[in-house]
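Asker: Pasting a structure below so you can have a look.
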Ligand SMILES: [Zn+2]
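Numbering (this note's numbering), first residue to last: 84 to 296.
This is the structure in structure tokens:
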């Protein structure tokens with residue numbers, strides 16, 4: 084079932100590996116199929132070598148419906164986001180370098196580039212630290228994700244969301260690129276955020292366009 088979607092999930096992982104957005108066994112992707120089911124990548128598999136058959140079909144409560152592996156250890160995080168934000172149709176969790184630097188210094192990504200605002204809805208917050216795979220991490224991420232399409236996980240990585248998988252991937256690419264600009268710009272000691280009225284404009288545009296409010 085859902086072979087086209089599973090193939091696309093495999094391709095997205097290969098793309099992320101090639102572009103340095105993720106590596107090895109880390110990271111996970113899920114895509115909602117219908118109201119109460121999702122496809123999710125397996126735990127412990129080298130993601131760029133994954134095949135479509137390795138991807139699991141699970142219920143919104145986390146029960147495995149189909150699959151030969153264990154689901155991702157971050158499944159609680161994925162489930163909590165779908166439960167809290169009904170507009171979300173796909174989630175990517177990855178460990179890209181520059182956003183992970185912000186995760187380590189526990190500093191949000193400020194609104195510095197208009198393109199980023201279109202995709203994220205505003206400053207990308209840092210969720211309070213909790214160990215990976217825990218319900219506490221899921222709760223902290225959900226809280227920090229409000230009104231945004233991305234959240235930085237303290238000392239860990241990033242989560243991006245979209246109405247579909249391609250959108251979640253676009254958000255990841257833009258967040259990592261903007262994090263790179265920000266980290267390098269900080270080295271000059273001169274970083275300016277966008278003007279407040281521009282930030283407010285994009286926040287309301289994002290709310291209308293993406294969240295549907
Ligand atoms: Zn992780």
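Cβ coordinates follow ideal geometry from the N, Cα and C atoms, glycine included. In this text, all values refer to a predicted model and were calculated from it rather than measured experimentally.
1. What are the boundary residues of the alpha helix (DSSP H) that includes residue 223?
2. Grouping DSSP H, G and I as helix and E and B as strand, with all else coil, what is residue 129?
3. Any heavy atom of ligand 1 closer than 7 Å to the Cβ of residue 262?
4. Does the beta-carbon distance from residue 248 to residue 173 come in below 8 Å?
5. Can you grab the Cα-Cα spacing for the pair residue 97 / residue 106, in whole Å?
6. Leaving aside the five residues before and after residue 175 along the sequence, list all residues of the same chain whose C-beta is less than 6 Å from its C-beta, in chain order.
7. What's the call for residue 274, buried or exposed, on a 16-neighbour Cβ count within 10 Å?
8. Under 8 Å by Cβ, that's how I've got residue 125 and residue 154 pegged, so tell me the actual separation to the nearest angstrom.
9. Mind pulling the alpha helix (DSSP H) runs of 4 or more residues that sit fully within the stretch 84-110?
10. Thinking residue 200 and residue 282 are a contact (beta carbons under 8 Å), I'd like their distance in whole angstroms, please.
11. On the DSSP bridge list, what partners appear for residue 145?
12. List the endpoints of the continuous beta strand (DSSP E) containing residue 177.
13. Could you tell me if residue 157 is buried or exposed, where buried requires 16 or more neighbouring beta carbons within 10 angstroms of its beta carbon?
Answerer: The answer reads as follows:
1. 218-227
2. coil
3. no
4. yes
5. 9 Å
6. 112, 243, 251 and 255
7. exposed
8. 7 Å
9. 86-101
10. 7 Å
11. Paired residue(s): none; residue 145 is not in a bridge.
12. 173-177
13. buried
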